[in-house]
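Below: the structure, in structure tokens.
There are 2 protein chains.
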Amino acid sequence: MRETLTLKDPETMAAWAEEQRRRGQRVALVPTMGYLHAGHLALVRRAQDEGDRVVVSIFVNPTQFGPNEDLARYPRDFDGDVTKLREAGVDVVFAPEAHAFYPQGFDSYVVPERLATGLCGASRPGHFRGVATVVLMLCHVTRADVAIFGEKDFQQLAVVRRMAQDLWLPTRIVGVPTVREPDGLAMSSRNVYLTPAARLQARALNQSLSDIAQQVQNGARDARQLENTLRQRLEATPGARVDYASIVDAQSLEPVAELNREAVAAVAVFFGSTRLIDNRRLPIPMTLS
Amino acid sequence: MRETLTLKDPETMAAWAEEQRRRGQRVALVPTMGYLHAGHLALVRRAQDEGDRVVVSIFVNPTQFGPNEDLARYPRDFDGDVTKLREAGVDVVFAPEAHAFYPQGFDSYVVPERLATGLCGASRPGHFRGVATVVLMLCHVTRADVAIFGEKDFQQLAVVRRMAQDLWLPTRIVGVPTVREPDGLAMSSRNVYLTPAARLQARALNQSLSDIAQQVQNGARDARQLENTLRQRLEATPGARVDYASIVDAQSLEPVAELNREAVAAVAVFFGSTRLIDNRRLPIPMTLS
Numbered sequence: 001m002r003e004t005l006t007l008k009d010p011e012t013m014a015a016w017a018e019e020q021r022r023r024g025q026r027v028a029l030v031p032t033m034g035y036l037h038a039g040h041l042a043l044v045r046r047a048q049d050e051g052d053r054v055v056v057s058i059f060v061n062p063t064q065f066g067p068n069e070d071l072a073r074y075p076r077d078f079d080g081d082v083t084k085l086r087e088a089g090v091d092v093v094f095a096p097e098a099h100a101f102y103p104q105g106f107d108s109y110v111v112p113e114r115l116a117t118g119l120c121g122a123s124r125p126g127h128f129r130g131v132a133t134v135v136l137m138l139c140h141v142t143r144a145d146v147a148i149f150g151e152k153d154f155q156q157l158a159v160v161r162r163m164a165q166d167l168w169l170p171t172r173i174v175g176v177p178t179v180r181e182p183d184g185l186a187m188s189s190r191n192v193y194l195t196p197a198a199r200l201q202a203r204a205l206n207q208s209l210s211d212i213a214q215q216v217q218n219g220a221r222d223a224r225q226l227e228n229t230l231r232q233r234l235e236a237t238p239g240a241r242v243d244y245a246s247i248v249d250a251q252s253l254e255p256v257a258e259l260n261r262e263a264v265a266a267v268a269v270f271f272g273s274t275r276l277i278d279n280r281r282l283p284i285p286m287t288l289s
Numbered sequence: 290m291r292e293t294l295t296l297k298d299p300e301t302m303a304a305w306a307e308e309q310r311r312r313g314q315r316v317a318l319v320p321t322m323g324y325l326h327a328g329h330l331a332l333v334r335r336a337q338d339e340g341d342r343v344v345v346s347i348f349v350n351p352t353q354f355g356p357n358e359d360l361a362r363y364p365r366d367f368d369g370d371v372t373k374l375r376e377a378g379v380d381v382v383f384a385p386e387a388h389a390f391y392p393q394g395f396d397s398y399v400v401p402e403r404l405a406t407g408l409c410g411a412s413r414p415g416h417f418r419g420v421a422t423v424v425l426m427l428c429h430v431t432r433a434d435v436a437i438f439g440e441k442d443f444q445q446l447a448v449v450r451r452m453a454q455d456l457w458l459p460t461r462i463v464g465v466p467t468v469r470e471p472d473g474l475a476m477s478s479r480n481v482y483l484t485p486a487a488r489l490q491a492r493a494l495n496q497s498l499s500d501i502a503q504q505v506q507n508g509a510r511d512a513r514q515l516e517n518t519l520r521q522r523l524e525a526t527p528g529a530r531v532d533y534a535s536i537v538d539a540q541s542l543e544p545v546a547e548l549n550r551e552a553v554a555a556v557a558v559f560f561g562s563t564r565l566i567d568n569r570r571l572p573i574p575m576t577l578s
């Protein structure tokens, strides 16, 4: 098994990455906020396929949390995370301190505009500004040739892809399908917050999305009607408070009226103060024109 | 003399830059808006000292112009510029089309905050957002190891330095002293707009800044009083309309009251619709405590 380095200083991280570049080794980055689960480990395996060296960052990024969100209580298990990443054969665990990334006088943000206005952006103002900024910082520090993101955070992936394309970032962005619990719930570090009762009810996210996808498969095309079905199903779930249930264009994230192009159904649901998200790519209908 | 390539396509530019990187050649970038003068050529010479290969970009960046500014009439002389750069031994002239850098759906801006609020930022809202965004794009496309900027655009240099530092950009930012006409006027592509009478009066920018620097050298310490002297001198210049005349901290660009640290006097003056800027670093007083 390879040795796994744990680095905290961005300068040291950058020097390691420069050395890899000089040797012609491609670096694959997996940005995480830690408290790792099987979904993260799927990202690591993909990184190992895409790069010669794998860096996993663990950074609970303060700028992507709102003032009333769960920054302080976000679950952490650094030692457990490092053990998992060592067993997975990761080359570097990069865990910067918040003040190293946001020193006094920090003044430069990457701001996504239209892509950040709807869905999670509507209830989390500034969230995607924080995400885009820290992803760019991480790609720069690690000199990443490729960066790996989960499709569960669908809007995040769209924002990051667009940012990389818009700014000509030399890092290729790769999305990996969502990993699920045996009962279908999308894996998330936040699932640990759920009460046993809420944990059972949370299956409704995946189930309702699957039902919608099946209806589209069967010929349903009216996106507004499908959204209503989705929302009603979620609202009927005991303990659930729906933040959004939307069907949007897969690239622009704009609402779609009719399902005649690549679209995604996306939902966000609160159980108590815990906010869960999930999404499903909807099958594109065959056109017979 | 080396061959000079002219590239328009960012993908081709990036491929050339990747090839240089593979060969271990350091790329030095000089971002310009064209209509080149001796100040630009001083940046090119510095780039040749700093890098193995030199790229000069010519791009009149639409996002850094306000709706009532001179984007459409900004002076252009592409063929003349290429001749000058070929004679200077530049490796690549990179001249992307506006739609290549800002395609439909473009959504990601780099936004400087406090550093962009005062001085030129106050009268040109959004200007430094455009500057920071395009500089990041150019550094990415050219894989620049180093990028060279003139000190005449003092706030721009401060914003770009801060952006590179904040976002851990792997490009080193270098500032080069302002090149002046024989009578002291800072070289600028916009000087061509001036009427003969205004061209003579425009000497007041450099002269008033030199006077202030001399007063500081002689012991003056009250920044507000020095600002007033500077403004009055400029306001007394026939045909001049003062946009600002400020003494600010050299890093934070915040106003300073007393000259007890590194400060800069900066001015912006309109002659008709032509806006000229200049600045002078003020000598740091010796402390005898």
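Residue numbers (this note's numbering), protein chains in the order written: chain A, 1 to 289; chain B, 290 to 578.
Yeah, the Cβ is synthetic: ideal placement off N, Cα and C, and Gly gets one too.
Treat the numbers as computed from the prediction; the structure is a model and nothing was measured.
Measure how close the beta-carbons of residue i and residue j come, nearest whole angstrom, since I'm counting them as under 8 angstroms.
i, j, result
"residue 555 (chain B)", "residue 564 (chain B)", "In fact, because the Cβ distance is near 13 angstroms, the residues do not count as touching under 8 angstroms."
"residue 429 (chain B)", "residue 169 (chain A)", "6 angstroms"
"residue 237 (chain A)", "residue 201 (chain A)", "5 angstroms"
"residue 355 (chain B)", "residue 416 (chain B)", "7 angstroms"
"residue 349 (chain B)", "residue 336 (chain B)", "Their Cβ separation, rounded to whole angstroms, is 20 angstroms, which puts residue 349 (chain B) and residue 336 (chain B) out of contact at 8 angstroms."
"residue 497 (chain B)", "residue 523 (chain B)", "6 angstroms"
"residue 109 (chain A)", "residue 129 (chain A)", "5 angstroms"
"residue 424 (chain B)", "residue 465 (chain B)", "Going by Cβ atoms, the distance from residue 424 (chain B) to residue 465 (chain B) rounds to 15 angstroms, so no, they are not a contact pair."
"residue 257 (chain A)", "residue 224 (chain A)", "7 angstroms"
"residue 148 (chain A)", "residue 50 (chain A)", "7 angstroms"
"residue 283 (chain A)", "residue 216 (chain A)", "6 angstroms"
"residue 369 (chain A)", "residue 165 (chain A)", "Nothing can be reported for residue 369 (chain A): it is not among the residues displayed for chain A, which extend from 1 to 289."
"residue 85 (chain A)", "residue 12 (chain A)", "That pair is no contact at about 17 angstroms."
Give the residues of chain A in contact with residue i, contact being defined as C-beta atoms less than 8 angstroms apart.
i, result
"residue 404 (chain B)", "107"
In the structure shown, what three-state DSSP assignment does residue i receive?
i, result
"residue 244 (chain A)", "strand"
"residue 212 (chain A)", "helix"
"residue 413 (chain B)", "coil"
"residue 549 (chain B)", "coil"
"residue 145 (chain A)", "coil"
"residue 295 (chain B)", "strand"
"residue 28 (chain A)", "strand"
"residue 109 (chain A)", "strand"
"residue 455 (chain B)", "helix"
"residue 360 (chain A)", "Any property of residue 360 (chain A) remains undetermined from this structure, which presents chain A solely from 1 to 289."
"residue 189 (chain A)", "helix"
"residue 318 (chain A)", "Because chain A is modelled from 1 through 289, residue 318 (chain A) falls outside the range shown and cannot be assessed."
"residue 578 (chain B)", "Note that residue 578 (chain B) scores 49 on pLDDT, short of 50, meaning its location in the model is unreliable; the coordinates nonetheless yield the value given after this. Three-state result, residue 578 (chain B): coil."
"residue 368 (chain B)", "helix"
"residue 265 (chain A)", "strand"
"residue 492 (chain B)", "helix"
"residue 379 (chain B)", "coil"
"residue 271 (chain A)", "strand"
"residue 312 (chain B)", "coil"
"residue 228 (chain A)", "helix"
"residue 328 (chain B)", "helix"
"residue 463 (chain B)", "strand"
"residue 150 (chain A)", "strand"
"residue 362 (chain B)", "coil"
"residue 60 (chain A)", "coil"
Quick one: which chain B residues come within Cβ less than 8 angstroms of residue i?
i, result
"residue 111 (chain A)", "397, 398, 399, 400"
"residue 10 (chain A)", "457"
Under 9 angstroms Cβ-Cβ, which residues of chain B neighbour residue i?
i, result
"residue 162 (chain A)", "394, 395, 396, 397"
Quick one: which chain B residues come within Cβ less than 7 angstroms of residue i?
i, result
"residue 132 (chain A)", "397"
Taking residue i as the query, report the chain A residues whose CB atoms sit under 9 angstroms from its CB, ordered along the chain.
i, result
"residue 303 (chain B)", "168, 170"
Indicate, with yes or no, if the ligand NAD has a heavy atom lying under 7 angstroms from the CB of residue i.
i, result
"residue 568 (chain B)", "The model depicted lacks the ligand NAD and carries no ligand whatsoever."
Using 8 angstroms as the cut-off, can you tell me whether the region 334 to 346 of chain B makes contact with the region 380 to 390 of chain B, which would need three or more C-beta pairs spanning the two stretches below that distance? yes
Please list, in chain order, the residues of the region 167 to 179 of chain A that have any C-beta partner in chain B closer than 7 angstroms. 167, 168, 169, 170
Which of the residues in the region 137 to 152 of chain A, read from start to end, lie with their CB under 8 angstroms from any CB of chain B? 137, 140, 141, 143
With 9 angstroms as the C-beta to C-beta threshold (strictly closer), list the residues of the region 236 to 256 of chain A near chain B in chain order. 251, 252
Segment contact, 8 angstroms Cβ cut-off, at least three pairs: the region 237 to 247 of chain A with the region 118 to 129 of chain A: yes
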